[in-house]
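**Q** Can you keep this structure in mind? I'll have questions shortly.
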Amino acid sequence: MTTVTDSQIFRNIFSTPESSAIWSDRQRTAYYLQFEAALAKAQGRLGIIPQEAAAVITGKCSAVDLIDMEELQKETERIGYPVLGAVKQIVKMVNEVKPGLGEWAHWGATTQDVTDTATILQLRDTCSLVSRSLDGITSALRTLATKHASTPMAGRSNLQQAVPITFGFKMARLLATFERHRQRLAEITSRLFVLEFGGAAGTLATLADTGLALDVQEEVAKELDLKVPEIAWHTERDRIAEIGLFFGMLTGTCAKFAFDVKLLMQTEIEEVQEPYYPHRGSSSTMPQKRNPISSVYVTALAGTVKQLSTALLDAMVEDHERSTGPWEIEWIVLPQICTMTHAALKHTQEMIEGLEVHPEKMKENLGITKGAIVSEAVMIGLGKKIGRQVAHDLVYELCRKAIKEDRLLLEVLLENEEVKKAKISKEELTRLCDPANYLGLSEDMVRRVVNSPSASR
1 MTTVTDSQIF RNIFSTPESS AIWSDRQRTA YYLQFEAALA KAQGRLGIIP
51 QEAAAVITGK CSAVDLIDME ELQKETERIG YPVLGAVKQI VKMVNEVKPG
101 LGEWAHWGAT TQDVTDTATI LQLRDTCSLV SRSLDGITSA LRTLATKHAS
151 TPMAGRSNLQ QAVPITFGFK MARLLATFER HRQRLAEITS RLFVLEFGGA
201 AGTLATLADT GLALDVQEEV AKELDLKVPE IAWHTERDRI AEIGLFFGML
251 TGTCAKFAFD VKLLMQTEIE EVQEPYYPHR GSSSTMPQKR NPISSVYVTA
301 LAGTVKQLST ALLDAMVEDH ERSTGPWEIE WIVLPQICTM THAALKHTQE
351 MIEGLEVHPE KMKENLGITK GAIVSEAVMI GLGKKIGRQV AHDLVYELCR
401 KAIKEDRLLL EVLLENEEVK KAKISKEELT RLCDPANYLG LSEDMVRRVV
451 NSPSASR
């Protein structure tokens with residue numbers, strides 16, 4: 001094992017089979033062949049290379065199994081780049097059909113054209129996985145938010161109970177965030193799915209005398225279902241950095257959810273729990289434990305993606321028209337960023353879909369402050385009679401008294417002379433001290449998010 005993503009034990013935890021396949025040597029090479037086939041088809045149609053050569057090149061690029069991967073490894077180690085080794089094998093295979101035809105392969109292209117376009121195709125497939133995961137996550141969150149739109153729980157600020165909210169409100173906030181991520185992904189991919197084909201320095205000089213250089217570019221883009229670049233982007237790496245940093249943001253949201261789950265799973269709180277599987281999260285020495293395993297994985301994955309994605313900012317600092325080193329940073333970190341991002345999303349979706357929610361425990365925890373959690377409601381109620389600041393200071397002291405004497409805030413309020421002078425009835429004070437009556441617009445906001453146009457999409 002060299003990394004957790006290729007480990008037989010860890011690879012399906014810190015990666016996924018689908019994303020690993022996309023970033024495998026085999027699939028990367030398949031994309032090289034796809035580019036070479038598209039180039040040959042386009043140039044054959046336009047008469048730049050012989051139709052016969054185009055047909056044979058396309059045929060030899062139709063199956064990655066035709067490539068000798070061991071030979072490609074040796075050539076890559078010798079040359080420094082895998083594309084030339086792959087092209088040499090294509091040329092050899094085509095020349096075996098008819099001598100000389102293979103020389104038309106890779107006509108007018110450069111190594112980075114093939115490499116960058118293959119990377120874009122890998123990212124396109126990765127984004128497809130991410131998009132499907134986002135669909136699953138948002139669908140599960142809509143269900144959870146709707147189901148618990150009216151389930152009261154303690155909102156928390158600085159790890160202290162703040163004011164009551166509903167669990168649906170908490171999930172709707174998460175849903176709104178993931179919906180924004182869906183919008184971001186759509187915006188980013190419109191800039192990302194772009195062909196790279198410019199030749200040595202991006203000027204298409206080798207094809208300029210044909211008068212068809214830009215036509216070739218358009219035809220290759222059409223073959224690969226990519227956009228035509230407005231200009232070469234060999235050393236302008238903003239597209240790659242943008243998607244990598246987006247994955248950092250996306251997994252950061254997953255980690256925020258995982259962090260909340262970890263906190264809510266604490267023995268003293270127990271308001272939610274990760275989906276139950278026999279022995280999952282168990283301890284080798286403490287049989288009673290049920291550790292937040294998926295949350296732990298998401299936290300680790302998100303932290304790693306964040307660190308790796310910043311390396312793509314270094315990869316942006318490339319010299320002149322073809323760089324000396326920063327480009328290769330992408331080769332190192334992109335496979336890890338993409339596979340780990342999909343793994344984080346997969347864990348997150350599984351957690352949301354199977355999350356165990358305990359409304360009775362939420363209700364119990366709302367009562368542990370003996371009414372102090374609704375001190376704001378009491379303050380506002382009293383403030384209408386005696387002024388907000390006066391009411392604030394009075395309720396502050398009465399909360400301290402209730403805590404010190406281990407009594408209900410309602411009891412302390414009812415016996416206080418200043419409260420009596422405010423002439424607020426016992427019924428009104430009782431209503432103000434019930435957390436279920438101080439949920440604000442939690443339910444309305446859940447409905448607004450769940451029924452928003454982006455959510456219904």
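In terms of full-length UniProt numbering, the numbers along the sequence shown are unbroken and rise by one, the last being 457. Glycine is no exception: its CB is placed at the ideal position from the N, C-alpha and C atoms.
(1) Have a look at the DSSP bridge pairing and note the partners of Lys227.
(2) Since Leu195 and Thr117 should fall inside the 8 Å C-beta cutoff, what is the C-beta to C-beta distance between them, to a whole number of angstroms?
(3) Could you check the C-alpha separation between Glu77 and Glu71 for me, to the nearest Å?
(4) Pull the bridge partners of Pro164 from the DSSP assignment, please.
(5) Here's the rule: buried if 16 or more other CB atoms are within 10 angstroms of the residue's CB, otherwise exposed. What is Asp113?
(6) How big is the Cα-Cα spacing for Thr203 and Phe167?
(7) Return helix, strand or coil for Glu356, following the three-state DSSP convention.
(8) In angstroms, rounded to a whole number, what distance separates the CA positions of Ala21 and Ile13?
(9) Measure how close the beta-carbons of Leu429 and Leu410 come, nearest whole angstrom, since I'm counting them as under 8 Å.
(10) Please list, in chain order, all residues of the same chain as Ala42 whose beta carbon is under 7 Å from its beta carbon, the five residues on each side excluded.
(11) Can you check the stretch 82–114 for any alpha helix (DSSP H) of at least 4 residues that lies completely inside it and give the ranges in chain order?
(12) Output yes or no for whether 7 Å exceeds the beta carbon distance between Thr16 and Ala343.
(13) So what does Val272 bridge to, in DSSP terms?
(14) Are Ile269 and Leu192 closer than 7 Å when you measure CB to CB?
(15) In whole angstroms, give me the CA-to-CA distance for Leu439 and Ala391.
(16) From Asp225, Glu230 and Ser131, pick the residue whose C-alpha is nearest to that of Phe246; which is it?
(17) Measure the alpha-carbon distance for Gln122 versus Glu36 and round it to whole angstroms.
(18) Which same chain residues, not among the five before or five after Thr299, have their C-beta less than 8 Å away from its C-beta?
**A** Inspection of the coordinates gives the following:
(1) Partner(s): Val194.
(2) Going by Cβ atoms, the distance from Leu195 to Thr117 rounds to 6 Å, so yes, they are a contact pair.
(3) Rounded to whole angstroms, Glu77 and Glu71 show a C-alpha spacing of 10 Å.
(4) The secondary-structure analysis by DSSP pairs Pro164 across a beta bridge with Ala154.
(5) Counting Cβ neighbours within 10 Å, Asp113 comes out buried, since at least 16 surround it.
(6) Each residue's CA atom was taken as its position, placing Thr203 and Phe167 some 57 Å apart.
(7) Three-state DSSP puts Glu356 in a strand.
(8) Rounded to the nearest angstrom, the two C-alpha atoms are 15 Å apart.
(9) Correct: roughly 6 Å between the Cβ atoms.
(10) So the qualifying residues of the chain are Val216, Glu219, Val220 and Glu223.
(11) Scanning the stretch 82–114 for uninterrupted alpha helix (DSSP H) segments of 4 residues or longer gives 82–97, listed from N- to C-terminal end.
(12) The answer is yes: Cβ separation under 7 Å.
(13) According to the DSSP secondary-structure assignment, Val272 is paired through a beta bridge with Val357.
(14) No.
(15) If you take the alpha carbons of Leu439 and Ala391, they lie about 21 Å apart.
(16) When the alpha-carbon of Phe246 is set against those of Asp225, Glu230 and Ser131, the nearest one is in Ser131.
(17) Answer to the nearest angstrom: the Cα atoms are 16 Å apart.
(18) Here the set comprises Ala255, Ala258, Phe259 and Lys262.
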